[in-house]
Structure formats: C-alpha cells, structure tokens
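Novice: Quick note on the numbering used here: the sequence shown kicks off at 2 and runs consecutively.
Sending over a structure as structure tokens; questions will come in a sec.
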Amino acid sequence: MTVSSGTWPKMTGSDEFRFLSDLVMTRSSADHTIVRLRDHHAGTTRFANNQVIQNVDARRGSLAVTVAFGGRHGTVGTTDFTAGAIQDVLARAERIARVSPVDPEYLPPPDPCIFPVRETAKPETLAAGPVKRLEYANEAIGHCRMENLMAAGIVSSSTTAVGIATGNGLFGYERRADAKFSLTVQAGDATGWSATAHRSIDHLKVQERTLAAIAKAKRGRSAREMPAGRYPVILEPAAVAGLWAWLIWALDAKSYVKKTSPFAGKLGQAIVDERLTLKNVPDHADLLGEGFTHEGLPSTDSLWIDQGILTQLAYDRFTAKAHGVKSIPTLEAPALSVEGPPAHSIQDLIKDTERAILVSNFWYIRPVNPRDLMLTGMTRDGTFLVEKGEVVSAVKNFRFHESPLQVFRHINMWTSPMEAVNSETGKMLVPAMALPQFHFSSVTRF
C-alpha cells in the first residue's frame, strides 16, 4: 500500500479483507489457498540529550498469498491492494508452487474455528498520534532536566490490522494496538532505566517510570568494584524476565523430539522450584494477548509449568500432528507466579536480605550451551550491594554465566507478579525474586 499524500487512508477493515481474500479464493486453482493481511501504522518519538530528535509515523500494508498443489507451495506478497495487483500475485504464487519441490512437512490450512474476541485495540491508543507521544516524551525530559540529568528514550504507538483467510473457510481478523515507553537516564557514568508496554497508551505511567529511572541513575553514582564470584541476588522483574525468555524459547517441541533440547526427557518432571507456575493468560489486561496466531490457530489459556513440573511444549503444526497433539498451546502472554505469600515490594525483599547483589536488568543475554541452557550476559542500568537490609552502594557491572534451570531451582523470597519489558522479552508478568546463589564470572569495564 503506497501513500503519497499527507492523509493516511483508513486501516484495512474486516469487510475489506474478506472482499480481498474472496477475490483470491474465487480465482485460485490450487488445492489449498491462504491469504494473510498485515496493515501496520506505527509512530515513534525518539529523544536524546534531553531533546526530541525524531517524531515520525510510518504506514505499510501487505497482503501475502500462499497456494499449494499437493506438497508443493509458493508464497508471493504485495503492498498494492488493487484487484489487478492481487490477481497477479495469485498467478505468480501458483507458478512458483508448480515448480517447487515437495515440502515433506507441508500441511493443509487448519480447519475453520471461532477465534476468541479480545480487546486488543484500545480506542485511546488508536487515536494517539505525534502530539500525544511528544507530550509524554517532554514529560520525561522535563523531570530529567530538573535533576540536571540526561534523558534518552522512545515513546511509540502502533495499530495493526491482522487477518488470515483460507480456501476451506477459515477466517480471522483482528485489530491490535499497543504503546511503549523506554527511558535511559544518565548521571555521569551511571545509568537508570525503565520500560513499559501496554495496549493502552494512557497506562504507560510515564512519570512513575521516569522517577524510578532517575532514582536508579542517582543511586548508581560512585560505583565500587567487587570481585567476581557467586553471590545471593535480588533480581528485579526485568532481570527475571530476561532469563525466563530464554527458558521459554527453549520449549520447542521439535528440538525436544530430536533430543537437542535442554528439557529432553523431562516432560512431566520438575525443572524449576516446585512453587513456580508458568501460564499463558491472553485475556490479562496487562499483557499483549491475541486472538489467533500467524498459522491461524486460536490463542488460548494454557499451563506450561505447573508447580515446577514441565507440562507443555511449543509445537509447530507438523510436529504436533506427527506426535498426536490435537490442541496446540500458545505462549504470547506469559505470566510467571510463585505459590505462597509474597513480599509486598522489592523494598521488602531488600529489607529481609542480609547480603546480596541487587540486579535491575540484564543486557545482551546469549546462549553459551543450548544443551543445558547456560547463558551469558551483563548486568545493566543499576547494580547494587545490599547489606543488612539496605542498599549500601552501587557496584560496577558484572558478566554472568548461569542457567535458569539451575538458578530457579531454589527461591528464597518473591513478590507478586509485575510487568517486565526489555529488549530480550517483549512483555511478561513475573515476580522479583531473591535467589540464594548466582554466578558472576567477571567484572565489566563500566
């Protein structure tokens, strides 16, 4: 979809997508036909050095047509939604499919079903534009200026129309909207950070997040260097989520079957502390649940880890069919909880701790050994020493080498689940946790 004027056309609606998909279906000669829509309108306001440096909107609509003759399939996409262009896309997809090799893992489209209807597009986010985002950016900048600190970050909002239609009658359409705020505050060599994402732009809590980042940056000044080694830790939600994201990504059923998974042979067995439970909760107001997946499967509530025991794997449709799995669970709205009475806040975790390293966030987490899920990464944006129930100083950042399968086998204390957003995870609900031991392998240069 090409836009040349200053006025955006309306987002592709359900009726328009049905018309476009019917246009394809009535002309397709293939055994199976799938049409996918993604019409995305996103705006981003960036700021750095206490001033706005970018405030832009972008729009891109695409339609992809997949056809199959037996196990031979081809896909062609277009940004031109005119009837002639779509017919040309169908013809090219059919030509590609006819000369493609047979895909041994190809499956026909899913059977038709009724997708859950979810409030995935809040009106206030749909209506948000450059002015609203600029207001929030200036609010964050203003707080930092008053403290003589430097602010950098983004405020973004987006709307996406998503659709899937198949020749056997499956049809899904959903409009999704979300907003994000991320801020890094710099105080000399110290930084403080906060981030959030929500379906509603009015729930970003920009002032609260900004003041939290400012407090971290100010507290992080004059960091002392401590030796690497094993320490008790208090992990704030972003740090917990950074580790759990890799655990979630490792739940792949195909690698489990091939015995290359860190969970190989452990389905139905305890893999973490028996008080930990991981669920998919797509209807939770603070998560980014969806009605259906890219493959045309409904997103539903599901239980993945039940009191420490692994109960689910992440299946693609081919692997699920090969192993007789009829219902494929999704995990786009993960929520981690701990059974038992929680601490009221992170501050309460600190008060009840004799000595530990407090970690705000992990950065650049990467796998070292996928077989045991050993990870490495660095602490970032606020690392502190806790002694006798108080934060006594900032410490220089560490590199760590740890496996979440080891560090989450024992938990000392925890809070109720809180939102966690960072570059590694998207969005999750997780508690802050106090853990008895964590391996920091070296001290970084900053």
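C-beta: ideal position from N, C-alpha, C; glycine also.
Whose CA, out of G170, M227, R60 and A31, lies closest to the CA of N398?
Specialist: As a first step, residue 398 is located in the sequence shown; it is residue number 397 there, counting from the start. It is M227.
Novice: Report all residues from its chain with a CB closer than 6 Å to the CB of S183; omit the five preceding and five following residues, and keep chain order.
Specialist: Stepping through the sequence shown from its first residue, residue 183 is reached at position 182. Counting only Cβ-Cβ distances below 6 Å, and skipping sequence neighbours, we find G154, I155 and A196.
Novice: Taking 8 Å as the threshold (C-beta atoms), are T121 and L61 in contact?
Specialist: Mapped onto the sequence shown, residue 61 falls at position 60. Mapped onto the sequence shown, residue 121 falls at position 120. Correcting the residue identity first, residue 61 is Arg in this sequence and not Leu. No, the pair does not count as a contact, with Cβ atoms beyond the cut-off.
Novice: Whose C-alpha, out of A271, L298 and D58, is nearest the C-alpha of T46?
Specialist: The residue labelled residue 46 in the question sits at position 45 within the sequence shown. It is D58 whose Cα lies nearest to the Cα of T46.
Novice: Just to confirm before moving on: does the CB-CB distance between A229 and V444 stay below 8 Å?
Specialist: What you label residue 229 is simply residue 228 of the sequence shown in a count that begins at 1. What you label residue 444 is simply residue 443 of the sequence shown in a count that begins at 1. Going by C-beta atoms, A229 is nearer than 8 Å to V444.
Novice: Residues in the same chain with beta-carbon distance under 6 Å from A166, minus the five sequence neighbours each way, listed in chain order, please.
Specialist: By 1-based counting over the sequence shown, the position of residue 166 is 165. Once the five neighbours on either side are set aside, the close Cβ partners of A166 are S22, V36 and F172.
Novice: By alpha-carbon positions, which one of V103, A178, V163 and E106 ends up nearest to L127?
Specialist: Counting from one through the sequence shown, the residue named residue 127 turns up at place 126. Looking at the Cα atoms, A178 is the closest of the given residues.
Novice: Between A141 and V53, is the Cβ-Cβ spacing less than 8 Å?
Specialist: As a working mapping, residue 141 is identified with position 140 in the sequence shown. As a working mapping, residue 53 is identified with position 52 in the sequence shown. The answer is no: Cβ separation not under 8 Å.
Novice: Where in the region 35–74 do unbroken runs of the beta strand (DSSP E), each at least 3 residues long, occur, reported from the N-terminal end onward?
Specialist: For the region 35–74, whole beta strand (DSSP E) runs of length 3 or above, ordered along the chain, are 52–70.
Novice: Using DSSP's beta-bridge definition, name the partner residues of Y365.
Specialist: In the sequence shown, counting from the first residue as 1, residue 365 sits at position 364. For Y365, which the question treats as bridged, DSSP gives no partner whatsoever.
Novice: Determine the contact status of H74 and D112, defining contact as a CB-CB distance below 8 Å.
Specialist: Position 73 of the sequence shown, counted from the start, is the residue given in the question as residue 74. Position 111 of the sequence shown, counted from the start, is the residue given in the question as residue 112. No, the Cβ-Cβ distance between H74 and D112 is not below 8 Å.
Novice: Check whether the Cβ atoms of L64 and A162 sit closer than 8 Å, and answer yes or no.
Specialist: Mapped onto the sequence shown, residue 64 falls at position 63. Mapped onto the sequence shown, residue 162 falls at position 161. Not closer than 8 Å, so no.
Novice: By the three-class DSSP mapping on this structure, what secondary structure does K123 have?
Specialist: Translated into positions along the sequence shown, residue 123 becomes position 122. Here K123 sits in coil by DSSP.
Novice: Tell me which same chain residues have a C-beta within less than 6 Å of the C-beta of L244, skipping the five on either side of it?
Specialist: Position 243 of the sequence shown, counted from the first residue, corresponds to residue 244. So the qualifying residues of the chain are P405.
Novice: Roughly how many angstroms separate the alpha carbons of L277 and P117, rounded to a whole number?
Specialist: Here residue 277 is taken as the residue at index 276 of the sequence shown, counted from 1. Here residue 117 is taken as the residue at index 116 of the sequence shown, counted from 1. Approximately 27 Å between the Cα atoms of the pair.
Novice: Report yes if the CB atom of S361 is closer than 8 Å to the CB atom of K217, and no otherwise.
Specialist: One-based indexing of the sequence shown puts residue 361 at position 360. One-based indexing of the sequence shown puts residue 217 at position 216. Yes, the Cβ-Cβ distance between S361 and K217 is below 8 Å.
Novice: Grouping DSSP H, G and I as helix and E and B as strand, with all else coil, what is Y107?
Specialist: Within the sequence shown, the letter at position 106 stands for residue 107. Looking at Y107 - three-state DSSP - the assignment turns out to be coil, as it is neither helix nor strand.
Novice: Sort A86, G72, T80 and A138 by Cα distance to K107 and report the nearest one.
Specialist: Locating residue 107 in the sequence shown gives position 106, where the first residue counts as 1. According to the sequence displayed, residue 107 carries Tyr and not Lys. For the residues A86, G72, T80 and A138, the minimum Cα distance to Y107 belongs to G72.
Novice: Of the choices L212, A92 and I97, whose alpha-carbon is the least far from that of R146?
Specialist: Position 145 of the sequence shown, counted from the start, is the residue given in the question as residue 146. Comparing Cα positions, the closest option is L212.
Novice: Report yes if the CB atom of M429 is closer than 8 Å to the CB atom of A421, and no otherwise.
Specialist: What you label residue 429 is simply residue 428 of the sequence shown in a count that begins at 1. What you label residue 421 is simply residue 420 of the sequence shown in a count that begins at 1. Yes, these two residues count as a Cβ contact at 8 Å.
Novice: Report back the beta-carbon spacing between I272 and L311 to the nearest angstrom; my notes put them in contact at under 8 Å.
Specialist: As a first step, residue 272 is located in the sequence shown; it is residue number 271 there, counting from the start. As a first step, residue 311 is located in the sequence shown; it is residue number 310 there, counting from the start. Correct: roughly 5 Å between the Cβ atoms.
Novice: Three Cβ pairs or more, each shorter than 8 Å: is that satisfied between the region 244–257 and the region 284–293?
Specialist: No, the region 244–257 does not touch the region 284–293.
Novice: Identify the continuous alpha helix (DSSP H) that holds Q348 and give its terminal residues.
Specialist: To locate residue 348, count along the sequence shown from 1; it is residue 347. Q348 -> alpha helix (DSSP H) spans I347 to K352.
Novice: For E388, report the span of its beta strand (DSSP E) as first-last.
Specialist: By one-based count along the sequence shown, residue 388 stands at place 387. It spans M375 to E388 - the beta strand (DSSP E) in which E388 sits, taken as one unbroken run.
Novice: Can you grab the Cα-Cα spacing for the pair L332 / V66, in whole Å?
Specialist: Here residue 332 refers to the residue found at position 331 of the sequence shown. Here residue 66 refers to the residue found at position 65 of the sequence shown. Answer to the nearest angstrom: the Cα atoms are 26 Å apart.
Novice: Can you tell me whether S300 is buried or exposed, with buried defined as 16 or more other CB within 10 angstroms of its CB?
Specialist: Mapped onto the sequence shown, residue 300 falls at position 299. S300 is buried by the Cβ-count criterion.
Novice: Can you list, in chain order, the residues of its chain with a C-beta nearer than 6 Å to that of A239? Leave out the 5 residues immediately preceding and following it.
Specialist: Translated into the one-based positions of the sequence shown, residue 239 becomes position 238. Cβ within range, chain order: N362, A421 and N423.
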